[in-house]
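To start, the structure itself, in structure tokens.
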Amino acid sequence: MIKLVNVSKSFGSQSVLSNLCLEVPRGQITAVIGPSGEGKSVLLKHMIGLETPDSGQVLVDGVDITRLGRSDLNQVREKFGMLFQNAALFDSLTVFENVAFPLEEKTPLSREQIRTRVHEALRHVGLGGIDHKYPDELSGGMKKRVGLARALLLGPQIILFDEPTTGLDPIICRAIHQLIVDTHRTFGFTAVIVSHEIPEIFDISQRVAMLFRGEIIEEGATEEIRNSRNPVVRQFIDGSLDGPIQFLK
Amino acid sequence: MLQVLEKLGGVGLKTLRDMGRMLVFLLYALYMIVRRPGRPIHVLKQIHFIGAKSLFVIFLTAAFTGMVLGLQGYYTLAKFGSEGMLGSAVALSLIRELGPVLTALMVTGRAGSAITAEIGIMKITEQIDALKTMALEPFKYLVSPKIIAAVIAVPLLCAVFDVVGIFGGYLVGVKLLGVNPGAYFYEMEKSVVGKDVFSGFVKSVSFGVIISWVCCYKGYYAGHGAEGVSRATTAAVVMSSVLVLVWDYFLTSVLL
Chain A
14 MIKLVNVSKS FGSQSVLSNL CLEVPRGQIT AVIGPSGEGK SVLLKHMIGL ETPDSGQVLV
74 DGVDITRLGR SDLNQVREKF GMLFQNAALF DSLTVFENVA FPLEEKTPLS REQIRTRVHE
134 ALRHVGLGGI DHKYPDELSG GMKKRVGLAR ALLLGPQIIL FDEPTTGLDP IICRAIHQLI
194 VDTHRTFGFT AVIVSHEIPE IFDISQRVAM LFRGEIIEEG ATEEIRNSRN PVVRQFIDGS
254 LDGPIQFLK
Chain B
1279 MLQVLEKLGG VGLKTLRDMG RMLVFLLYAL YMIVRRPGRP IHVLKQIHFI GAKSLFVIFL
1339 TAAFTGMVLG LQGYYTLAKF GSEGMLGSAV ALSLIRELGP VLTALMVTGR AGSAITAEIG
1399 IMKITEQIDA LKTMALEPFK YLVSPKIIAA VIAVPLLCAV FDVVGIFGGY LVGVKLLGVN
1459 PGAYFYEMEK SVVGKDVFSG FVKSVSFGVI ISWVCCYKGY YAGHGAEGVS RATTAAVVMS
1519 SVLVLVWDYF LTSVLL
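Protein chains in written order, with the numbering used here: chain A, 14 to 262; chain B, 1279 to 1534.
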């Protein structure tokens, strides 16, 4: 479904991705794990064309999106939904207007139909009665759930989650993970989740890829990665200070 | 020596690149206005923001500008015994020059800075990226409506400025300094011709484009964090104001 082939990306003199290869299979939840600041979000943004690689290909259903113009790229983006790290809700719009926005702009639905769909989507993510609240009146967990409702609304084939549980308490964190699993079961989308929530991420994903120093150093089924002998993967999963990942230099 | 030349060259290239990027930004915004103009409600909201909400500051500026022109004009004209020409002097100064320029500077300070800050914040909080991921074109929502609105609102504000300014001049010249009210309006009517009004109109339309273009551009390419937005806002106000004055000189020399 999504395939990254030899993708390299630098910002100034800092190399973030280096000849990175990754395949995301259709209909599964793939988690990309790795230490903070290793370029996981940048990797995710390449998949939807928000970043352009310096070299390499990003194939979505066999189409190299790095070569597409704005209009063709938008056609490919129709397949996507994305939940940003900070939800990226439009702060001048209410919750209802935020969730309704893509429907109003992209469908010929009547006001009443939009209202029904929005309330249905908000119910799916366990939110009700907050139609008139603004994003800055919501907690972090509520923002993420509104973001998820907005991302789900147009029935995307692929949803990208950029650290969906960062900064949330363990209970909300578990609730968001459960929500991702439930909605995935209901809608059957392909999901890519960028996260460093170990070990919780292993419980919700079917495949895991570890990003380190700009490359995917190991990928495979969740159990394979959980039992990996690769010292980098092992250290990251165990949360150990000793090993090849050096934080304090 | 070589290093100095290298640095100068670097600055020159960066300036050229920035200018090119700004031009492409404007051309793409105009293309989007023609191809996908967006909903009228977005434009109306912007007209309300740029136009209606600037009315108070325009009223205030115009009234005092007209009053100062009345005072200064009266004392200058009195030296030549031509106080009766005051209406003409005030009206021509306002319609041809001060009205469009001061309106543009006021709109830049009040609405332009807010436009840059709004788009800049949307950029740093990934709201623009969110639009892109929904396969929606950010220019259609953030840039094109503002350019259309500015092109409509700035000439209207300028017209208000001119009228209020003329009455400000009347208040000082006629009511305070004793100029004949008939002479004030008669001379004005005699000397102000269609070309003067047209020149003011052309200026204010082009100032509307400059303000919205520069302020949207600076917001769209704002740097990181609050500091990035603050710098972008300052740069937008400074660049818009300078461009308005430079373009004003150019247009005046062409339209005279």
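C-beta: ideal position from N, C-alpha, C; glycine also.
query: Buried/exposed call for residue 88(A), threshold 16 Cβ in 10 Å; result: exposed
query: Same chain, Cβ closer than 7 Å to residue 16(A), neighbours up to 5 away in sequence not counted; result: 36 and 72
query: Cut-off 8 Å between Cβ atoms - residues of its own chain near residue 68(A), not counting five sequence neighbours on either side; result: 19, 20 and 21
query: Chain B within 8 Å of residue 121(A), Cβ atoms only; result: no
query: Span separating the alpha-carbon of residue 1396(B) from that of residue 62(A); result: 24 Å
query: Neighbour flag for residue 90(A) against chain B, beta carbons, 8 Å; result: yes
query: Residue 1386(B) versus residue 1337(B) - alpha carbon distance; result: 16 Å
query: Under the three-state DSSP convention, the category residue 1509(B) falls into; result: helix
query: Three or more C-beta pairs below 8 Å linking the segment 195-214 of chain A and the segment 246-258 of chain A; result: yes
query: Endpoints, alpha helix (DSSP H) assigned at residue 111(A); result: 108-119
query: Euclidean distance between Cα positions of residue 234(A) and residue 100(A); result: 28 Å
query: Same chain, Cβ closer than 7 Å to residue 1335(B), five either side skipped, listed in chain order; result: 1384 and 1388
query: Cβ-Cβ separation, residue 1422(B) to residue 1315(B) (assumed contact under 8 Å), whole Å; result: 7 Å
query: Straight-line gap, residue 1379(B) to residue 43(A) (C-alpha atoms, nearest Å); result: 58 Å
query: For residue 1292(B), the three-state DSSP class (helix, strand or coil); result: helix
query: Cα-Cα separation between residue 220(A) and residue 41(A), rounded to whole angstroms; result: 8 Å
query: Residue 1299(B), buried or exposed, once every other Cβ within 10 Å from all chains shown has been counted against 16; result: exposed
query: Spatial distance of residue 153(A) from residue 1339(B) (CA atoms); result: 45 Å
query: Residue 174(A), DSSP secondary structure in three states; result: strand
query: Beta-carbon proximity list for residue 1513(B), same chain, < 7 Å, skipping 5 on both sides; result: 1496
query: Residue range of the unbroken beta strand (DSSP E) whose run includes residue 1482(B); result: Segment 1472-1498 is the alpha helix (DSSP H) holding residue 1482(B); no beta strand (DSSP E) there.
query: Partners in chain A for residue 1363(B), counting only beta-carbon separations shorter than 8 Å; result: None at all; the shortest Cβ gap to chain A is about 50 Å.
query: is_contact[residue 110(A), chain B] using C-beta, thresh 8 Å; result: no
query: Counterpart residues of residue 220(A) in DSSP-defined beta bridges; result: 43(A) and 234(A)
query: Residue(s) in a DSSP beta bridge with residue 5(A); result: Beyond the ends of chain A as shown, which are 14 and 262, falls residue 5(A); an answer cannot be given.
query: Partner residues on chain A for residue 1414(B), Cβ-Cβ distance less than 7 Å; result: 118
query: Interface residues of the segment 53-76 of chain A facing chain B [CB-CB below 7 Å]; result: 61 and 63
query: Rounded distance between the beta-carbons of residue 97(A) and residue 160(A), thought under 8 Å; result: 7 Å
query: The segment 1398-1405 of chain B contacting the segment 1503-1520 of chain B, beta-carbon criterion three pairs below 8 Å; result: yes
query: Alpha carbon of residue 1292(B) to alpha carbon of residue 1451(B), nearest angstrom; result: 52 Å
query: Helix, strand or coil at residue 1449(B) according to DSSP, with G and I counted as helix; result: helix
query: Contact set for residue 127(A): own chain, Cβ-Cβ below 7 Å, skip 5 residues either direction; result: 113, 116 and 117
query: Contact set between residue 95(A) and chain B, taken where Cβ atoms lie within less than 7 Å; result: 1411
query: Nearest to residue 1345(B) (by Cα), restricted to the options 1470(B), 1414(B), 1446(B) and 1320(B); result: 1446(B)
query: Euclidean distance between Cα positions of residue 1419(B) and residue 102(A); result: 15 Å
query: Distance between residue 1322(B) and residue 223(A) (C-alpha atoms, nearest Å); result: 49 Å
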